[in-house]
Amino acid sequence: MQRVTVLGASGSIGKSTADVLAANPDKYSVYALAAKENIDELCRQSELFSPCQVITASEDKFPELQRRLAGKTQVLCGMDAMIAAATAPEVDIVLCAIIGTAGILPVLAALKAGKKVALASKEVLVLAGELVMKAAAESPGGMIVPVDSEHSGVFQCLAGRRNDEIRKVWLTASGGPFRTWEKEKIFHASLKDALAHPTWNMGRKITIDSASMMNKALELIEAKYLFNLDADRLGVVINPQSVVHALAELTDGSMLAQLSVPDMRLAIAYGLSYPERLDKPGSSMDLSKLAELKFFAPDPVKFPSLEFADAALRAGGTLPAVMNAANEVAVERFCAGEIEFGDIWRIVGSVMESVPVEGQESLEQLLAVDAKARSKAWQWR
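Here it is, written out as structure tokens:
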């Protein structure tokens, strides 16, 4: 029986994680659940799992959570509580699905404490990839298992492979709701249009990132750090069926691929169980009913996010953090109706050009760069 702390329990990944944990009560128990402010979901999962701790990041929601869970579990608030839950001696696995940069401190702490981290938070590696991978390498027992469907696919394709055997890794993308749209139409797309993803059911932020292909840009940065690959050995290909999640070309010309139905519970289950596998944690795929598999090259003119990723991959240092921060603000402004969809790319490009690139030196430095990039993104007109 392994004990799990779930950070970001109330989001789409957190809810899917709850499905996997609930389906395997003989293998996992929940030590702690943490979320920002969705108290209803925290209470629902608390009833389901009876964790030792339930944590909210919101001081405003803390009193309500205390009242609703009084006498049932320990209720805590804030970052220190999340770090403690991620490093507790009783905990074997930390699943981090926190949106944004708030996951960095607990992930670093968990790795240094020798925990297995099932990582779904893109921003952790995009902001501080060098620091995080260094912490994982230096920690006895500490390791990262990716939970993104694409990175989980790469992780499985590359199992047992030396780095010098890998010619190129391809992350797949569905192409999002705007794959067949003209550039001008994409620029003026509505929020409703951007949220109409053709194959995946995800949270609002990641769905909009998928529509702009910024999600794939962030995933390329992640892959650089997770698999120690440079820009020339990373690529993106569109698979509209979202059945092929990753491909790896080896130096002898062989191509390996990871396929499954588009169900995040599969990647989550593998992240929790690695190096073992759980028995059918998600839906099976019937190849006889798969009419076709198509692949297309993405259009960087229609989707500039991939050009931003290439620049960030090649420059390294703080540029990925700048790209991520600018995009987060741009998406927030788009959701608020302040800017058009195409302005997301304008903001990201403008901020990336205006913030000087530095080498990654410390978390404090990276957070300062993050704050500077956010400020510039808010000021953009």
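Just so we're aligned, residue 812 is where the sequence shown starts under the numbering used here, counting upward by one.
For each residue, glycine too, the CB sits at the ideal point set by N, CA and C.
All values reported here derive from a predicted model rather than from experimental measurement.
Item, Value
"Looking at C-alpha atoms only, which residue of Glu1175, Ala846, Ala896 and Ala897 is the closest neighbour of Ala873?", "A small fix is needed here, since residue 873 is Phe in this sequence, not Ala. Of Glu1175, Ala846, Ala896 and Ala897, the residue nearest in Cα terms is Ala846."
"Going by C-alpha to C-alpha distance, which of Ser985, Gln856 and Gly925 sits closest to Leu1104?", "Ser985"
"Of the residues Val1162, Val928, Ala908 and Ser1116, which one's Cα is nearest the Cα of Thr898?", "Val928"
"Figure out for me which residue from Ala1034, Asp1004 and Cys1146 has the closest Cα to the Cα of Leu969.", "Ala1034"
"Who are the near neighbours of Ala1000 in its chain, counting only those whose CB is closer than 6 Å to its CB and skipping five residues on each side?", "Phe1152"
"Does the Cβ of Gln967 have 16 or more other Cβ atoms within 10 Å, making it buried, or fewer, making it exposed?", "buried"
"Leaving out five residues before and five after Ala1123 in sequence, what residues of the same chain have Cβ atoms less than 7 Å from its Cβ?", "Ile1032, Leu1130, Pro1131 and Met1134"
"Determine the closest residue to Glu995 out of Ala833, Val1142 and Lys1113, with distance taken between C-alpha atoms.", "Lys1113"
"Once DSSP output is grouped into helix, strand and coil, what is the label at Ile977?", "strand"
"Where does Met1280 land, buried or exposed, given buried means 16+ other C-beta within 10 angstroms?", "This structure leaves residue 1280 out entirely; the chain is present only between 812 and 1192."
"Are the beta-carbon atoms of Ile909 and Gly819 separated by less than 7 Å?", "yes"
"Provide the residue(s) that pair with Glu1060 in DSSP beta bridges, ordered along the chain.", "Lys979 and Met1066"
"Please check if any C-beta of chain B sits within less than 7 Å of the C-beta of Glu1118.", "Checking the listed chains, one finds no chain B in this structure; it contains a single protein chain."
"What number of angstroms, rounded off, separates the C-alpha of Leu1045 from the C-alpha of Val817?", "30 Å"
"Could you spell out the range, first to last residue, of the alpha helix (DSSP H) harbouring Cys968?", "Ser960 to Cys968"
"How big is the Cα-Cα spacing for Ser960 and Leu887?", "31 Å"
"Any idea if Pro836 is buried or exposed, counting beta-carbon neighbours within 10 angstroms, 16 or more meaning buried?", "exposed"
"Quick one, which of Arg879, Trp981 and Met1066 has its alpha-carbon nearest Leu1040's?", "Trp981"
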